[in-house]
Amino acid sequence: MRRLLRFLGRLLLFFVVLVVLAGGVGWLWLRGATLPQHSGRLALRGLMAPVEVLREPSGVVHLKAHSEEDLFFALGVVHAQDRLWQMEFQRRVGAGRLSEVVGPATVNQDKFLRTWGFYHAAEQAYDSLSPEGKAIVNAYVAGINAYLETDPPLPLEYRLLGFRPEPWKPADVLVWAKMMAYDLSANWEEELERYRLLARGIRPERLAQLLPAYPQNGVTILQAADLPPLPKPQPAPAPAPSPTPKPDAATRTQAEALLELARSIPRFMEASNNWVIAGSRTTTGKPLLADDPHLGLGVPSLWYLAHLEAPGYNAIGATLPGLPGVVIGHNDRIAWGVTNVGADVQDLYVLEDNASTGYRYKGRLEPYRIRNEVIKVKGEPDVALKVRESVYGPVISDVVSDVPGSKPLALRWTALDAQDRLLEAFAGINRARNWTEFTEALARYSTPSQNFVYADIDGNIGYIAPGKFPIRKAGHSGLTPVPGDGSFDWQGYVPFERWARVLNPKEGFIVTANNRVLPPGYPNQMSLEWAEPLRAERIRQLILSKEKLSPEDMQAMQQDQYSLLYRDFRPLLQALSALSERAKTWRARLLAWDGNMRPDSVEATVFQTWYTELTRLPAKEVGQEFWDEPRYLLQAMQSGDPNCDQKETEVVEGCLDFAALALDTALDRLGDNPPAWGSLHQAVFDHPILTNSPLKRFSDRKVPFGGDRYTVNVGPYNAKTFEQTHGPSYRHIVDLADLNNSRFIHPMGQSGNLLSAQFDDLLPMWQKGAYLPMRTEGYPVRERLSLEPGR
-11 MRRLLRFLGR LLLFFVVLVV LAGGVGWLWL RGATLPQHSG RLALRGLMAP
39 VEVLREPSGV VHLKAHSEED LFFALGVVHA QDRLWQMEFQ RRVGAGRLSE
89 VVGPATVNQD KFLRTWGFYH AAEQAYDSLS PEGKAIVNAY VAGINAYLET
139 DPPLPLEYRL LGFRPEPWKP ADVLVWAKMM AYDLSANWEE ELERYRLLAR
189 GIRPERLAQL LPAYPQNGVT ILQAADLPPL PKPQPAPAPA PSPTPKPDAA
239 TRTQAEALLE LARSIPRFME ASNNWVIAGS RTTTGKPLLA DDPHLGLGVP
289 SLWYLAHLEA PGYNAIGATL PGLPGVVIGH NDRIAWGVTN VGADVQDLYV
339 LEDNASTGYR YKGRLEPYRI RNEVIKVKGE PDVALKVRES VYGPVISDVV
389 SDVPGSKPLA LRWTALDAQD RLLEAFAGIN RARNWTEFTE ALARYSTPSQ
439 NFVYADIDGN IGYIAPGKFP IRKAGHSGLT PVPGDGSFDW QGYVPFERWA
489 RVLNPKEGFI VTANNRVLPP GYPNQMSLEW AEPLRAERIR QLILSKEKLS
539 PEDMQAMQQD QYSLLYRDFR PLLQALSALS ERAKTWRARL LAWDGNMRPD
589 SVEATVFQTW YTELTRLPAK EVGQEFWDEP RYLLQAMQSG DPNCDQKETE
639 VVEGCLDFAA LALDTALDRL GDNPPAWGSL HQAVFDHPIL TNSPLKRFSD
689 RKVPFGGDRY TVNVGPYNAK TFEQTHGPSY RHIVDLADLN NSRFIHPMGQ
739 SGNLLSAQFD DLLPMWQKGA YLPMRTEGYP VRERLSLEPG R
């Protein structure tokens, strides 16, 4: 029977591929068989009153309902219509159930995700919601299931993998919020990386050079002039606290295996920008607010553009398929944008194990709680998984437990707490009418902490960083694992009243780009690790370059590709000697260049390739091929570094010689005619399933792109291939003088169905920096669908 099913599955795949490749009538038939109903009438069981679904030519959806319950029901319907497979994939990732439909290739990923317990955390989160919060989730789930009951055409992915969707459950909704929290909380990996480096014999003092702390004069989000007088300055915790268990060879092997597994799982996090400018600095006389979260680029887009309207509710912006509500956007009175704070809300604890029956905690032997998981695998026997849980949380090192002599590592993380009302916080934001209601809504916020910028039609601007921020004991920096014996337990969370915030700052603007929130010396710093301040510095430069800024200026800022990385490394280029004639020619070109990482710039190609070669400097010491730490590299080139004296090469006698050789190596890598930056540096949009199928040519996209990791229009890349898999996943600019003059965009298209005309129609606009109108009235309508109560 199993062989027969496999044969039928292959036969179906062969048929589908033939139809797709054949085109013509077959293509039109396939489209008609798989595209959802976007016009006419659709009866749905559970709907209380009719809901109007209006789609613009761009695919932007407007929902008009008579109640919030029907509104979220309808959002579940339209999300399922256009993104059902994406939602399916997301819930299976969160639940660790991909192997059921994909096969053994994803078993290790499922083990990892089951060990963390994301789905169990989602179930607890639902239980902790208020009746109002549960009502929102229930309505959304009911909409998805009512749509499935109509026996709609299923996306192609279901046909290829040979299964049908199960009914949705509340935890299927909340688990994706947990996965987004995971994507935006990477401190556990940083702790593990430091632990690995210590196990390589790198001393804490050297570690502080290789991974420099945020510069004392680096741009901060909040300014001292807007904060209460500085209390007694708090000394920063030591880079590697003394109680960190001494790592050994087994630790190193364990850390390397765990990091390799974690990094094999796709992550969406990269960086983000947002800023808000008061009316005193704008041409409109009212605030302007911009946001562009930098997350994973893929097929389909992470976001779905929608306008949700019901009595007392009128919000438009970016929604996440699989979750109810507008995540980033505006209503008829306020606007908001989010970037990741990068708060340190995760800690690894090293347990003293006792023959796997328990661990030492507060002077006693504490037994593990055991959670038994069964992973079903397509075409293979089930895989049994025993998860050990401690007072801190799951023992995540058990997924690589075949490392002899290693000690268990347990994870403490705010997102695994039983109480989680994140969904209610966003519902409150969507309805908020002013700053007070906005911050009151965020009082329910948990994780992942975000930099929320705010503006309203009355002219106010503001900022707040909400979330659960652990209070640690003195000496516990959160940078490396600590003993799990009870001596370094968290001491609670920072209370709401002490969260970082400002309303109407003296400068008249607020900028966030994953940089440090508070100036040095202030308590509640939230983290000791921040993104490089270069993007934030550049945004501030652009704001201060004009007395008044227009919406068009905001748009130009979001497209800015001038690299402050080039500015910082330019003096190093000037100082190079012992260059070949070819390298001298290119150095002259680079010194005459303006530092703009445009896609058509050849100089950008040469500079980025040279910088990539520089990042190889500590490869032998750190055991990693590339080390993108610009402040370490600059310090090494300016003041010398042990890694510059590479005895095995007679050519390299110091850091400047290394940099000169790196330029020649870069030119060798590029050949006689280096291509334009966009020819190498392309934004890549891969489908998580079809990428490995014959349909890859139809599903995946690549487009030339500019920028680098440190430009405002961000363009991070793989150092080997120069391909970009993360970037501006969404952009919006909100004009508080005329909300209908706002604009937004995301890449690919509104539909996740590759047979739809709106599968990738927004990609050219996104690539060239164009936007769609962000309107709640006066918009064109191409398709009208009436959702009506059914039996």
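Here the sequence shown stands for residues -11 to 779, where the numbers follow the working numbering.
Built from N, CA and C at the ideal position, the CB exists for glycine as well.
Among residues of its own chain, excluding the 5 on either side of residue i, which ones have a beta-carbon nearer than 7 Å to its beta-carbon?
i, result
"Arg486", "Asn512"
"Val239", "Correcting the residue type first, residue 239 is Thr in the shown sequence and not Val. So the qualifying residues of the chain are Tyr183, Ala187 and Ser394."
"Ala83", "Tyr107 and Val163"
"Pro45", "Pro768 and Arg770"
"Tyr433", "Leu410, Ala413, Pro454 and Gly455"
"Cys643", "Ala624, Met625, Gly628, Asp629 and Cys632"
"Thr407", "As written in the sequence, residue 407 is Gln, which differs from the Thr given in the question. Correct list, in chain order: Ser116."
"Asp370", "Val362, Ile363 and Lys364"
Indicate the three-state DSSP secondary structure (helix, strand or coil) for residue i in the structure shown.
i, result
"Phe497", "strand"
"Gln784", "In the structure as shown, the chain begins at -11 and stops at 779. Residue 784 is therefore absent and cannot be evaluated."
"Val81", "helix"
"Asp723", "strand"
"Tyr767", "coil"
"Leu72", "helix"
"Pro158", "helix"
"Gln546", "helix"
"Tyr481", "strand"
"Arg327", "Contrary to the premise, residue 327 reads as Thr rather than Arg in this sequence. Correct three-state label for Thr327: strand."
"Ile190", "coil"
"Ser717", "coil"
"Asn706", "coil"
"Lys690", "strand"
"Gln407", "coil"
With 16 other CB atoms within 10 Å as the buried threshold, where does residue i fall?
i, result
"Arg376", "buried"
"Asp582", "exposed"
"Arg409", "buried"
"Gln549", "buried"
"Ala462", "exposed"
"Asp424", "Reading off the sequence shown, one finds Thr at residue 424, where the question assumed Asp. When all chains shown are included, Thr424 counts as exposed."
"Leu336", "buried"
"Thr345", "exposed"
"Gly480", "exposed"
"Gly472", "buried"
"Glu638", "Caution applies to Glu638, whose pLDDT of 45 falls short of 50 and renders its modelled position unreliable; the model cannot decide the point."
"Asp696", "buried"
"Asn701", "buried"
"Thr709", "exposed"
"Ile459", "exposed"
"Ala266", "buried"
Skipping 5 residues on each side, what residues in its chain have a beta carbon closer than 8 Å to that of residue i?
i, result
"Ser55", "Met36, Ala37, Ala298 and Pro299"
"Gln74", "Pro288, Pro309, Gly310 and Gly740"
"Arg(-9)", "Bear in mind that the predicted position of Arg(-9) carries a pLDDT of just 41, short of 50, making it unreliable; the figure below should be weighed with that in mind. Counting only Cβ-Cβ distances below 8 Å, and skipping sequence neighbours, we find nothing."
"Met753", "Ile733, Tyr759 and Leu760"
"Val640", "Note that Val640 scores 46 on pLDDT, short of 50, meaning its location in the model is unreliable and no value can be drawn from it."
Within its chain, find whatever has a CB closer than 6 Å to the CB of residue i; leave out the 5 residues flanking it on each side and keep chain order.
i, result
"Pro777", "Leu35"
"Asp320", "Asn302"
"Val499", "Trp263, Ala524, Ile527 and Arg528"
"Leu218", "Gly509"
* Are at least three pairs of beta-carbons, each pair with one atom in the region 327 to 346 and one in the region 170 to 182, less than 8 Å apart? -> yes
* **Any 3 or more C-beta pairs closer than 8 Å across the region 685 to 694 and the region 498 to 515** => no
* **Runs of beta strand (DSSP E) lying entirely within the region 417 to 478, each at least 3 residues, in chain order** => Within the region 417 to 478, the runs of beta strand (DSSP E) that reach at least 3 residues and sit entirely inside it are, in chain order, 438 to 444 and 449 to 452.
* Asked: In chain order, which continuous runs of the beta strand (DSSP E) of length 3 or greater are located wholly inside the region 252 to 283?
  -> 259 to 265
* Is the region 48 to 64 in contact with the region 126 to 139, if contact means three or more CB pairs nearer than 8 Å? -> Contact holds: three or more Cβ-Cβ distances are below 8 Å.
* **Runs of alpha helix (DSSP H) lying entirely within the region 617 to 680, each at least 4 residues, in chain order** => You should have 618 to 627, 643 to 658 and 665 to 668.
* To do: Could you tell me which uninterrupted beta strand (DSSP E) segments, each at least 3 residues in length, are contained entirely in the region 128 to 175, listed from first to last along the chain?
  => The beta strand (DSSP E) runs of length 3 or more contained entirely in the region 128 to 175 do not exist; there are none.
* Three or more beta-carbon pairs under 8 Å between the region 570 to 578 and the region 646 to 656, yes or no? -> Judged by Cβ distances under 8 Å, the region 570 to 578 makes contact with the region 646 to 656, as three or more pairs qualify.
* Asked: Is the number of C-beta pairs between the region 141 to 158 and the region 383 to 391 that are closer than 8 Å three or more?
  -> no
* To do: Check whether the region 716 to 728 touches the region 277 to 292, counting contact only when three or more Cβ pairs, one atom from each stretch, lie closer than 8 Å.
  => yes
* At least 3 beta-carbon pairs within less than 8 Å: the region 359 to 379 vs the region 90 to 101 -> yes
* Asked: Three or more C-beta pairs closer than 8 Å, one from the region 671 to 679 and one from the region 596 to 606: is that the case here?
  -> no
* Could you pull out every unbroken beta strand (DSSP E) segment of at least 3 residues lying fully inside the region 333 to 379, listed in chain order? => 334 to 338, 346 to 349, 352 to 355, 357 to 365 and 368 to 377
* Go through the region 532 to 585 residue by residue and report every complete run of the alpha helix (DSSP H) that reaches 4 residues or more, in order. => 539 to 546, 552 to 563 and 569 to 580
* Does the region 347 to 357 come within contact of the region 197 to 211, defined as at least 3 CB pairs closer than 8 Å? -> no
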